[in-house]
Amino acid sequence: METKMAIRGVVVFVLLTIFIVSASAHENMDAQIISPSNQYLENENSLRSILISIAEFLEGSITSIKHVTSICWKQIKLGWGKANLVLEVVRVKAMIPAHKVMVMLCLAMSVILITEKLFQGTTSLAAKVFRLRPEKRFKWEAIREDVEVGNANFPMVLVQIPMYNEREVYQLSIGAACNLIWPHDRVIIQVLDDSTDPAIKELVAKECEMWAMKGKNIRYETRDNRSGYKAGALKKGMTYDYVGQCDYIAIFDADFQPESDFLTRTIPFLLYNPDVALVQARWKFVNADECLMTRLQEMSMDYHFKVEQESGSIIHSFFGFNGTAGVWRISALLEAGGWKDRTTVEDMDLAVRATLQGWKFVYVGDIKVKSELPSTFKAYRNQQHRWACGPANLFRKMAWEIIKAKAISLSKRFYLIYNFFFSRKLVAHIVTFYFYCVVIPTGVFIPEVVIPTWAVVYVPTTISILNSVGTPSSLHLIIFWVFFENVMSLHRTKAAIIGLLEVGRVNEWIVTDKLGDTLKNKNKQPSNNVVNKFRTKISERIHLLEIGLGFYLIACAWYDFNHGKNHYFIYIFPQSFAFFLLGFGYCGI
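What the sequence shown shows, in mature numbering (1 follows the signal peptide of the UniProt record, and there is no 0), is residues -25 to -1, 1 to 564, in sequence order.
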């Protein structure tokens, strides 16, 4: 009401001023005709009257405006106070209890994760201290040629090389397979080419022809479609008549280069131990020094092989098949149901089904097979999506089957459900993202909920140290590894949820891009033409979730810097920078 009165007053004042000025001008014109001598005096009096009126009006208007402003400000303060009251009620009744629940869940998952890490680390350390080499736990003897029977002592081996548009690396894998030390009449090399580029298919076919002319028993096989992707290709490869004469099958991805003695070192484990279905070798990365991203990948992968695979092999003779650089007993593979394309981790699927039949696995860390790490961030993200989504989806499909399995012990079933799937494939991703990237940063706004120091400092420090033991030369990069893994945990958690719920990109299979040149010569830099091939568009490089979380972390860090007392900003600021860096795709080559 006061505001309306003030506005009306201003309008009346303006109209009155116009009327007075017009009247004064009219009177002045009359005065000039009637009495020119009094013109100056009358004008001065009129002007004085107008100024006095204006001053009086302004004084009253200013007073009214001040009064109205005071009332409005009081209303704003009252509204702000009510809003603050509502926010405080929401904070006390909803946010604080919810945050307490999240903290408790994350603390529980942290205990699960650190216990699992310590268990694996202790087992791996015991294996080294007590020298529990595979040769001590399983029978192993070198296979020797018999003068009387010739090469009959050597079992028939099928070497499979699945590939898809692998222009940069096809020669490396085929050449390495053809140079394996094994009687030529006791090995068949099978190249399974799913390439869609006719030019690449022609190159691969000619490479196979060249080795065939040198006396190698090599077969070049193709399909009309890519049904089932890699699993479909391997499944199709098992249907050819000549496979029936083989006892074992060695599998190498297109970028893998086994040493010439690979078969002579792995086959004896299968030959002399009829209960063993799989022998898995370790991966060796020839392009680990290519960039910071490959160095960080090497740290994670070395831990996987030196600790996770080693401990699984020692305790339960079980681990996840890595899909390549391994040798299977064909009868065990068929007994387990063969290759299935129901998930994007057909290798892990086969391994779990085989172990449920009672078969044992052997991991031989001393046998290393050269391979290539993803050099571009796009390729790495695609790979990690498959590796996080696939196991979660497989867990969804096989959990009840594992629980009901009668061919294995209760402890092994528990190990599969709890240790292998739940702890490593789900909890590890979820707690890394939610605890270190959401709960701890959000805690700066809710100081009433105290997060224990052991969970914030000691647990992640211990996990980081354990993950670095596999690659001591990269220990100085541990802080970069922590920030990198935290950012990637967002992508992995999202993929794991997709796998559990079986929605969206659950069965998406994208072949990991390879540069190849670094495999031919470790000291040679990738050519510009090859690198440019994998340059991504700006729109493909931007990842909105990572960028959005980066902004949120900056807000948390800034608030903690100005109002907090726990100094979390020391960690949150650089973590937000890592989210921005990867969010805009500035990672890899």
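A virtual CB, placed ideally from N, CA and C, is assigned to each residue, including glycine.
Just so you know, these numbers come straight off a predicted model, no measurement behind them.
Pick from the options that is closest to residue i, judged by C-alpha positions
i: Leu519; options: Glu116, Leu556, His542; result: Leu556
i: Ala69; options: Val166, Ser398, Ile421; result: Ile421
i: Leu80; options: Phe410, Leu450, Arg480, Leu267; result: Phe410
i: Lys103; options: Asn541, Gly445, Ile547, Gly479; result: Gly445
i: Met373; options: Phe536, Thr318, Trp334; result: Thr318
i: Asp199; options: Asn59, Tyr534, Ile224, Lys176; result: Lys176
i: residue 566; options: Asp324, Phe352, Thr407, Val414; result: It is not possible to answer for residue 566, since the shown part of the chain is limited to -25 through 564.
i: Arg119; options: Val431, Ile226, Ile242; result: Ile242
i: Arg516; options: Asn541, Asn482, Cys562; result: Cys562
i: Lys400; options: Lys469, Val179, Cys266; result: Lys469
i: Ile136; options: Ile405, Gly203, Asp168; result: Asp168
i: Met276; options: Cys266, Leu267, Phe260; result: Phe260
i: Leu369; options: Lys387, Val61, Phe396; result: Phe396
Close Cβ partners of residue i (< 8 Å) along its chain, the five nearest in sequence each way excluded
i: residue 566; result: Examination of residue 566 is not possible in this model, given that the chain is present from -25 through 564 alone.
i: Val506; result: In this prediction, Val506 has a pLDDT of 48, which is less than 50 and means its spatial position is unreliable; nothing more can be read from the coordinates.
i: Gly539; result: Val419, Pro422
i: His542; result: Asp535
i: His159; result: Gly190, Lys191, Asn192
i: Pro109; result: Trp115, Phe244, Ser288, Val337, Tyr338, Val339
Where residue i falls: helix, strand or coil (DSSP)
i: Ile149; result: helix
i: Glu285; result: helix
i: Ile163; result: strand
i: Trp303; result: strand
i: Gly525; result: helix
i: Ile(-6); result: Only weak support is given to the placement of Ile(-6): the predicted model assigns it a pLDDT of 47, under 50, and the value that follows is read from those uncertain coordinates. Here Ile(-6) sits in helix by DSSP.
i: Leu155; result: coil
i: Ile383; result: coil
i: Thr446; result: coil
i: Trp314; result: coil
i: Ile342; result: strand
i: Leu253; result: strand
i: Phe260; result: strand
i: Tyr195; result: strand
i: Lys335; result: strand
i: Pro137; result: strand
i: Thr330; result: helix
i: Ile421; result: coil
i: Ile517; result: coil
i: Thr319; result: coil
Residues of its chain near residue i, where Cβ-Cβ distance is below 7 Å and the 5 sequence neighbours each way are ignored
i: Pro549; result: Phe458
i: Leu524; result: Cys412, Leu465, Phe554
i: Leu271; result: Leu452, Phe455, Trp456, Phe459
i: Glu321; result: Lys205, Ala206, Trp314, Lys315
i: Thr436; result: none
i: Asn482; result: Thr319
Contact check, residue i vs residue j, beta carbons under 7 Å
i: Ala532; j: Phe544; result: yes
i: Ala403; j: Leu88; result: yes
i: Asp172; j: Ala354; result: no
i: residue 602; j: Ala307; result: As shown, the chain starts at -25 and ends at 564. That puts residue 602 outside it, with no answer to give.
i: Leu331; j: Ala380; result: yes
i: Pro447; j: Val344; result: no
i: Leu209; j: Trp314; result: yes
i: Leu238; j: Leu155; result: yes
i: Asp216; j: Val144; result: no
i: Gly560; j: Phe352; result: yes
i: Arg257; j: Phe227; result: no
i: Gly558; j: Ile522; result: yes
i: Tyr247; j: Val302; result: no
i: Gly462; j: His74; result: With the sequence shown as reference, residue 462 is identified as Val, and Gly is not the correct amino acid for it. Not closer than 7 Å, so no.
i: Met131; j: Gln220; result: yes
i: Ile438; j: Lys114; result: no
i: Leu391; j: Ile377; result: yes
i: Ser85; j: Val431; result: no
i: Gln358; j: Arg467; result: no
i: Gly333; j: Ala382; result: yes
i: Asn394; j: Tyr278; result: no
i: Met274; j: Ser449; result: yes
Proximal residues to residue i (C-beta, below 6 Å), its chain only, five neighbours per side dropped
i: Ser99; result: Val282, Glu285, Ser286
i: Ile547; result: Pro416, Leu528, Cys531, Ala532
i: Asp121; result: Asn128
i: Val486; result: Tyr139
i: Phe552; result: none
i: Met77; result: Val414
Residue i beta carbon near the ligand SAM (any heavy atom closer than 6 Å)
i: Val339; result: Among the ligands in the structure shown, none appear at all, so the ligand SAM cannot be discussed.
Counting pairs of Cβ atoms below 8 Å between the stretch 280 to 291 and the stretch 338 to 357, do you hit three or more?
yes
Meets three-Cβ-pair contact criterion under 8 Å: the stretch 137 to 151 and the stretch 166 to 186:
A contact exists between the stretch 137 to 151 and the stretch 166 to 186.
Check whether the stretch 157 to 171 and the stretch 189 to 198 are in contact - that is, three or more C-beta pairs closer than 8 Å.
yes
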